[in-house]
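Peer 1: Going by full-length UniProt numbering, the first residue of the sequence shown is number 1, and it counts up by one from there.
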Amino acid sequence: MTGGRRGTGQLEAEVLRALRATDRPLTPSEVQARISGELAYNTVHTILKRLWDKGLVIRDAEGRRGAYLPAKDATEHAAQVMHEVLRRESDRAAVLRRFVIGLGPDDEEMLRRLLAG
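1) Can you tell me where the beta strand (DSSP E) with L69 in it begins and where it stops?
2) Exposed or buried, which one is L11 when buried takes at least 16 other CB atoms within 10 Å?
3) Do the CB positions of D60 and L69 come within less than 8 Å of each other?
4) For the beta strand (DSSP E) containing I101, name the first residue and the last one.
5) Taking the beta carbon of T2 as the centre, do at least 16 other beta carbons fall within 10 Å, making it buried, or is it exposed?
6) Which one of D107, L26, V100 has the shortest CA to CA distance from I58?
7) Do the segment 69 to 78 and the segment 91 to 108 touch if we need at least three Cβ pairs shorter than 8 Å?
8) Name the DSSP bridge partner or partners of I58?
9) Measuring straight from C-alpha to C-alpha, what distance separates A79 and L86?
10) Between the alpha carbons of M82 and G117, how many angstroms are there, rounded?
11) With a Cβ-Cβ cutoff of 8 Å, do L48 and V95 count as a contact?
What follows is the structure in structure tokens.
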């Protein structure tokens with residue numbers, strides 16, 4: 001990324017953060033006003049369409065036409081991404097091992113408690 005431009009993944013993350021920061025559906029114009037930087041309306045609309053195609057946002061069928069909501073909360077989405085990574089890799093044990101090795105002591109203890117039930 002040069003010249004201060006953000007990649008698609010970063011833009012998608014910003015749009016999802018804006019949607020998750022409120023308890024109501026947002027229109028593309030409202031999302032545009034809430035995210036940092038000067039993005040064109042068409043860019044925001046394209047990002048929302050891509051997120052919808054990926055199943056990460058839903059269109060509000062009950063309220064204003066063209067308003068969007070996140071399909072999942074941030075933790076559910078993060079867990080889904082982690083599961084997708086594991087499904088793609090042939091050596092799941094190696095991926096999990098590297099993940100656990102990278103945990104700090106507090107996260108390691110939390111994982112132990114969660115595994116213990």
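Virtual Cβ for every residue (Gly too), placed ideally from N, Cα, C.
Peer 2: According to the structure shown:
1) 68 to 70
2) buried
3) yes
4) Looking at the DSSP string, I101 is not in any beta strand (DSSP E); the run it does join, the alpha helix (DSSP H), is 92 to 101.
5) With a pLDDT of only 48 at T2, under the threshold of 50, the placement of this residue in the model should not be trusted; the figure read from the coordinates follows. It is exposed - the Cβ of T2 has fewer than 16 other Cβ atoms within 10 Å.
6) L26
7) no
8) L69
9) 11 Å
10) 20 Å
11) no
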